[in-house]
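Residue numbers (UniProt numbering): 1 to 359. Cβ atoms here follow ideal geometry from the backbone N, Cα and C, with glycine treated the same way. Since this is a predicted model, take the numbers as computed values, not measurements. Take a look at the structure set out below.
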Ligand SMILES: Nc1ncnc2c1ncn2[C@@H]1O[C@H](COP(=O)(O)OP(=O)(O)OP(=O)(O)O)[C@@H](O)[C@H]1O
């Protein structure tokens, strides 16, 4: 799958801009703040229908303008595919594939597989557990649309159950039967989510560890553990056990929405004991494993966006990453960097065709 060209209209700092891309490696270089990341974000937008960096859709419209349009012309399985995303202030975002609007955005997810590696990924290490759940969910959803639907349903029921618990507290009331209906639904969807996350991680963790070993040249070992209440017991029993606690807290204290991932380096939490370069290597290994997983599931080479990845890494690690990317037969790659020479030196190692875009 190749993104042949990208046109932006009023997207972030761009008024009108068109890029014709190389099928293999595209390097977007320029000074701080010129819009390199914004170009990668527009490509991300075409795959996921939203920005990776700014979740408030209207803030992606160029200041003082009324709308934005992102147009991507792709080639997928020898067919031309045109994806257009537009947003007008005060209206709903529209995603069109070959001039036809999607009714549900979720139908588009997975059509254009993509993996982004960016400094913002650091949230995966330092942020709350929701960031890590979103990471697992986004990887699984790219190849399993039913999973995404199950997550949406599950989260809706958690919100409804929480509202009910608040209502009980406010009105000094309690209705066991209504609560049990929610418990049963949560249990049904929560178990599906748990089983799918577990199966996914069983496959994912060995790939991740292998990627880290390659990047660090075996200098340190990392680990990733899945933590879930559902390892202890089935969700319905757990919900019944915590009913008094949930009534007091006024929210649902057990379930798949509490799952987390533990990240360790040489047996200690990487958040506290990993250097900046080790943390960055960890995140890149996670994302390269994600790439491999999506590629295997979808049968398509995802687009790879590498935003500012060279910073904080020594030359040896940069060279290992570039080697990994080349050995894996990655598809189309977009790299953003402030140092044109550094980027060119790195991409020259792989002896593939590349194009430099000076912004
Ligand atoms: N809605 C918007 N309208 C206009 N400009 C915007 C909007 N959103 C972001 N920008 C501008 O985009 C620029 C940042 O772009 P971006 O993050 O792509 O830079 P970059 O080239 O990747 O920089 P760096 O090298 O520092 O990472 C900033 O100048 C910011 O003000």
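Between the region 122 to 131 and the region 77 to 92 there are fewer than three C-beta pairs closer than 8 Å, too few to call the two in contact. Per DSSP, the continuous beta strand (DSSP E) segment holding residue 82 begins and ends at 79 to 88. At least 8 Å separates the beta-carbon of residue 154 from that of residue 110. Taking non-hydrogen atoms of ligand 1 into account, the C-beta of residue 34 is found less than 7 Å away from one of them. Remark: the C-beta of residue 338 is in contact range of ligand 1, defined as less than 7 Å to any heavy atom. Short note on residue 17: C-beta not closer than 7 Å to any heavy atom of ligand 1.
Under DSSP, residue 72 forms a beta bridge with 6, 83. Residue burial annotation: residue 346 is buried, with at least 16 other C-beta atoms found within 10 angstroms of its C-beta. Taking the Cβ of residue 356 as the reference point, every heavy atom of ligand 1 lies at 7 Å or farther away.
Residue 256 counts as buried, since at least 16 other C-beta atoms from the protein chains shown sit within 10 angstroms of its C-beta. From the listed residues 42, 81, 4, the smallest Cα separation to residue 12 is found for 42. With fewer than 16 other Cβ atoms inside 10 Å of its own Cβ, residue 262 counts as exposed. Considering only 100, 24, 114, the residue with the shortest C-alpha distance to residue 46 is 114. With 16 or more other Cβ atoms from the protein chains shown falling within 10 Å of its own Cβ, residue 60 counts as buried. No Cβ-Cβ contact shorter than 8 Å links residue 221 with residue 177.
Per DSSP, residue 97 lies in no alpha helix (DSSP H) segment; the continuous beta strand (DSSP E) that holds it begins and ends at 94 to 97. No heavy atom of ligand 1 is found nearer than 7 Å to the CB of residue 203.
For residue 269, DSSP records a beta bridge to 264.
Using a C-beta cut-off of 8 Å, the region 138 to 148 makes no contact with the region 326 to 339, since fewer than three inter-stretch Cβ pairs fall below that distance. For residue 284, the three-state secondary structure derived from DSSP is helix. Residue pairing for residue 67: DSSP places it in a beta bridge opposite 88. In the three-state reduction of the DSSP assignment, residue 330 falls in the coil class, being assigned neither a helical nor a strand state.
Taken in chain order, the whole alpha helix (DSSP H) runs of length 4 or more contained in the region 135 to 174 are 145 to 171. Exposed is the label assigned to residue 349, since fewer than 16 other Cβ atoms lie within 10 Å of its Cβ. Burial is judged here by how many other beta carbons sit within 10 angstroms of a residue's own beta carbon; residue 273 has fewer than 16 and is exposed. Judged by their CB atoms, residue 25 and residue 36 are not nearer to each other than the 8 Å cut-off. A residue is called buried once 16 or more other Cβ atoms fall within 10 Å of its Cβ, and residue 358, having fewer, is exposed. When DSSP reads this structure, residue 45 sits in no beta bridge, so it has no partner. At a Cβ-Cβ threshold of 8 Å, residue 288 and residue 211 count as neighbours. Excluding its 5 nearest sequence neighbours in each direction, residue 251 has C-beta neighbours in its own chain below 7 Å: 162, 165, listed in chain order. At the C-beta level, residue 152 and residue 305 stay beyond 8 Å of one another. Looking at the DSSP output, residue 293 bridges to nothing. Residue pairing of residue 223 in beta bridges, as defined by DSSP: 264. Here residue 92 is exposed. Its C-beta has fewer than 16 other C-beta atoms within 10 Å. Closer than 7 Å to some heavy atom of ligand 1: that describes the Cβ of residue 12.
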